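Worksheet: one structure, shown below.
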Amino acid sequence: MDLQNNNENIRVLVGRVSIRNHVRARGKVFYVQVGRPAIDSCSDGSPRLCEGGELLDRILARGGRYTEEDAKAIVVQILSVVSFCHLQGVVHRDLKPENFLFTSGGDDADMKLIDFGLSDFILPDERLNDIVGSAYYVAPEVLHRSYHLEADIWSIGVISGQGLCEEAPEQGLQERMTAVQALNHPWLRDDNRPIPLDILIYKLVKAYLHATPFKRAALKALSKALTEDELVYLRAQFRLLEPNGDGSVSLDNFRMALARHATDAMRESRVPEILNAMESLAYRRMYFDEFCAAAISTYQLEALEGWEQIAATAFEHFEREGNRVISLEELGRELNVGPSAYSFIKDWIRNSDGKLSLLGYTKFLHGVTLRSSNTRHH
4 MDLQNNNENI
14 RVLVGRVSIR
24 NHVRARGKVF
34 YVQVGRPAID
44 SCSDGSPRLC
54 EGGELLDRIL
64 ARGGRYTEED
74 AKAIVVQILS
84 VVSFCHLQGV
94 VHRDLKPENF
104 LFTSGGDDAD
114 MKLIDFGLSD
124 FILPDERLND
134 IVGSAYYVAP
144 EVLHRSYHLE
154 ADIWSIGVIS
164 GQGLCEEAPE
174 QGLQERMTAV
184 QALNHPWLRD
194 DNRPIPLDIL
204 IYKLVKAYLH
214 ATPFKRAALK
224 ALSKALTEDE
234 LVYLRAQFRL
244 LEPNGDGSVS
254 LDNFRMALAR
264 HATDAMRESR
274 VPEILNAMES
284 LAYRRMYFDE
294 FCAAAISTYQ
304 LEALEGWEQI
314 AATAFEHFER
324 EGNRVISLEE
334 LGRELNVGPS
344 AYSFIKDWIR
354 NSDGKLSLLG
364 YTKFLHGVTL
374 RSSNTRHH
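In our numbering, the protein residues as written are 4 to 381.
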């Protein structure tokens, strides 16, 4: 087929690699197929043909009017492939309808994600600072030169709102769902569809393992107030770790789960290095209850409509099982703040018994979630 004569109707997956240059030495072409979230190789270097056109063309052809089921099917495909890329430590940074191509003209055609020219490798605790992407779809934090994988989620939100769902993306960085969490949302959830491993779990568990006993007690209390929707996601992630016969996981479970999903991209992105910071799990076991405490994001819970009730219930557990007398100086150390902040945090401690109040507990939880400050400069 003469590709030059058919370039208006046929899109070609071009470039020696699609996920940066991590396989250049092996001489293979790699692309990501949305319908089957995996990286496939083409050893002969031949480009793949996509005859169905761009997602943007289909959105425009429908006048921006998708049925709920059709919109859901497209969003699920997009989230599935992006979650796979994120697990490999790859952030695309240019997600837009023009970069999703259909393999054929059929309504049920698979999509392929292309154009990884702006993509980059990123560690779980790293932040990027270069401004790249397409203006309409770029996340606000990219313009502020401090962003992570959540920048891709913003772009997906814009795509979804462009004739698919009419829903604005979540503004806050910490509140924004990961791609895997979005797949667990009640609107998209399908018990017959496998849920991918979420790299955020590793980041949160690492932070939990390095937290003080007081912080861990606060998170354990919070985990006991989780909604059923939150538990669905956590149960799915825990199952992916393939717990031992006694229902526990250790460092080996986390290591093997990554290995089962590893590609050359993950190895070059150095994502597995996060396991070095989880070394304490090599000498202990973690059961599901503690896993829930370790793997929850306070910021995301705070964005829920029922957060006030969740926090109040969690505080009741904390009062019984973790709250204790704490000095202003110790609270400052827990929060990693100095004397200049004492005037602000002193109201978090009850005068009656020297323990955290409900306000203090919720504020303290907000400070528990890891905020990464390791920014890579190019």
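Cβ atoms here follow ideal geometry from the backbone N, Cα and C, with glycine treated the same way. As the structure is a prediction and not an experimental result, all values here were calculated from the model.
Of Glu276, Asp350, Ala64, Lys115, the smallest CA-CA separation from Ile81 is found for Lys115.
An exposed status is given to Met259, since fewer than 16 other beta-carbon atoms sit within 10 Å of its beta-carbon. Secondary structure note for Phe318: its alpha helix (DSSP H) is the uninterrupted segment 310 to 324.
The residues Asp350, Trp351, in chain order, have a CB closer than 8 Å to that of Leu362 in the same chain once the five nearest residues on each side in sequence are set aside. In the three-state scheme derived from DSSP, where H, G and I count as helix and E and B as strand, Glu72 is classed as helix.
Going by C-alpha positions, Leu284 is about 15 Å away from Thr215. Between the C-alpha atoms of Ala239 and Cys295 there is a straight-line separation of about 11 Å. Taking C-beta atoms as the reference points, Thr181 and Asp201 count as a pair closer than 8 Å. The residues Leu207, Leu222, Leu225, Ser226, Leu229, Glu233, Leu237, in chain order, have a CB closer than 8 Å to that of Ile299 in the same chain once the five nearest residues on each side in sequence are set aside. Around the beta carbon of Ser355, a 10 Å sphere encloses fewer than 16 other beta carbons of the protein chains shown; the residue is thus reported as exposed. If the five residues before and after Tyr290 are omitted, its C-beta is found closer than 7 Å to the C-beta atoms of Gly250, Ser251, all from its own chain and listed in chain order. In the DSSP secondary-structure assignment, Asp123 is bridged to Val94. Separation of the CB atoms of Leu131 and Cys53 is rounded to 29 Å, and the pair is thereby denied contact status at 8 Å. C-alpha of Lys99 to C-alpha of Ile162: approximately 6 Å in a straight line. DSSP, read as helix, strand or coil, puts Glu271 in helix. Only buried fits Ala314, as 16 or more other CB atoms lie within 10 angstroms of its CB.
Following the DSSP letters along the chain, one finds Met114 inside the beta strand (DSSP E) bounded by residues 114 to 116.
Taking the CA atoms as reference points, Leu278 sits about 45 Å from Arg68. Between the region 144 to 157 and the region 105 to 124, the count of C-beta pairs closer than 8 Å stays below three; the two stretches do not touch. A distance of 8 Å or more separates the beta carbons of Ser137 and Val93. Annotated as distal: Leu212 and Met269, with beta-carbon spacing of 8 Å or more. DSSP places Glu245 outside both helix and strand once states are collapsed to three, so it counts as coil.
Looking only at Pro189, Glu311, Leu304, Ser360, the smallest Cα-Cα distance to Lys75 is reached by Pro189.
Shown here, Glu332 sits in a helix according to DSSP, grouped into three states. Taking Leu203 as the centre and dropping the five residues before and after it, the same chain places the C-beta of Thr181 closer than 7 Å to its C-beta, in chain order. Taking C-beta separations shorter than 7 Å and ignoring five residues to either side along the sequence, the partners of Asn326 in its chain run Lys358, Leu359, following chain order.
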